[in-house]
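Participant: In my numbering, the protein residues as written are 2 to 185. Just so it is clear, CB atoms sit at the ideal spot from N, CA and C, and this is done for glycine as well.
This is the structure:
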């Protein structure tokens, strides 16, 4: 901070404030607002913001874009049988498992409860299908350790593929309909 001293010499006093704590609090606040506190996935709001940006970019450059909707199967049963703490551990384990399969440019967001979305920039339907299969297989092979036991769980996946006339809401509906078919 520079403060002019109005005297005959027209001096300036320079002072510094340590804003490290303020910046750390600001970063913590931003992280809290942008990510799901339980799983570490993006919050629904932040995921949607970033997805809109990627959708616009993909349309502009005519690059492929896939959206996967993921829903843990029979999650109420996990909570009922093992308890909510174990259910929380399954949600955390699930996101960790999926994140290991994603590229740096991919996004995962928690849309609500046990439903997640993965946005895959520069990904064709074939690439999206291959990733969806790897996610299903990795989840099956990765039961979560909680309450001194291994909790097996599965996931269903639906996919949507960007065409130039789709909005994000329509892409989400497309993937959600595919997820509904996969669950049944």
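Which residues in the same chain have their Cβ closer than 6 Å to the Cβ of residue 93, if we skip the five residues on either side of it in sequence?
Facilitator: Position 92 of the chain shown, counted from the first residue, corresponds to residue 93. The answer, listed in chain order, is 40.
Participant: Mind checking who residue 72 pairs with in its DSSP beta bridge?
Facilitator: The residue given as residue 72 occupies position 71 in the chain shown. Its beta-bridge partners are 116, 157.
Participant: Answer yes or no: do residue 45 and residue 111 have a C-beta to C-beta separation smaller than 8 Å?
Facilitator: Here residue 45 corresponds to residue number 44 of the chain shown, with the count starting at 1. Here residue 111 corresponds to residue number 110 of the chain shown, with the count starting at 1. In this structure, residue 111 lies closer than 8 Å to residue 45 by Cβ.
Participant: Per DSSP, what are the beta-bridge partners of residue 150 in this structure?
Facilitator: For the purposes of this step, residue 150 is identified with residue 149 of the chain shown, where counting begins at 1. Answer by DSSP bridge pairing, in chain order: 147.
Participant: Does the Cβ of residue 62 have 16 or more other Cβ atoms within 10 Å, making it buried, or fewer, making it exposed?
Facilitator: Taking the chain shown and counting its residues from 1, the one referred to as residue 62 is at position 61. Exposed.
Participant: Where does residue 1 fall in DSSP's three states?
Facilitator: The requested residue 1 does not occur in the structure, where the chain is confined to residues 2 to 185.
Participant: Taking the beta carbon of residue 181 as the centre, do at least 16 other beta carbons fall within 10 Å, making it buried, or is it exposed?
Facilitator: Residue 181 sits at position 180 when you count from the first residue of the chain shown. When all chains shown are included, residue 181 counts as exposed.
Participant: Residue 68: which of 124, 183, 145 sits nearest, CA to CA?
Facilitator: Mapped onto the chain shown, residue 68 falls at position 67. The shortest Cα separation from residue 68 among 124, 183, 145 belongs to 124.
Participant: Exposed or buried, which one is residue 76 when buried takes at least 16 other CB atoms within 10 Å?
Facilitator: For the purposes of this step, residue 76 is taken as the residue at position 75 of the chain shown. Looking at its Cβ environment, which holds 16 or more other Cβ atoms inside 10 Å, residue 76 is buried.
Participant: Would you give the residue range spanned by the beta strand (DSSP E) that residue 4 belongs to?
Facilitator: Translated into the one-based positions of the chain shown, residue 4 becomes position 3. It spans 3 to 5 - the beta strand (DSSP E) in which residue 4 sits, taken as one unbroken run.
Participant: Where DSSP assigns a beta bridge to residue 94, which residues make up the other side?
Facilitator: The residue you call residue 94 lines up with position 93 of the chain shown. Paired residues: none, contrary to the question.
Participant: Between 16, 72, 145, which lies nearest to residue 178 when the distance is taken from Cα to Cα?
Facilitator: Within the chain shown, the letter at position 177 stands for residue 178. For residue 178, the nearest C-alpha among the options comes from 72.
Participant: So what does DSSP say about residue 41, is it helix, strand or coil?
Facilitator: Numbered from its first residue, the chain shown carries residue 41 at position 40. Note: residue 41 maps to coil in three-state DSSP.
Participant: Around the C-beta of residue 9, are 16 or more other C-beta atoms found within 10 angstroms, so that it is buried, or is it exposed?
Facilitator: The residue you call residue 9 lines up with position 8 of the chain shown. Classification of residue 9: exposed, given that the 10 Å Cβ count is below 16.
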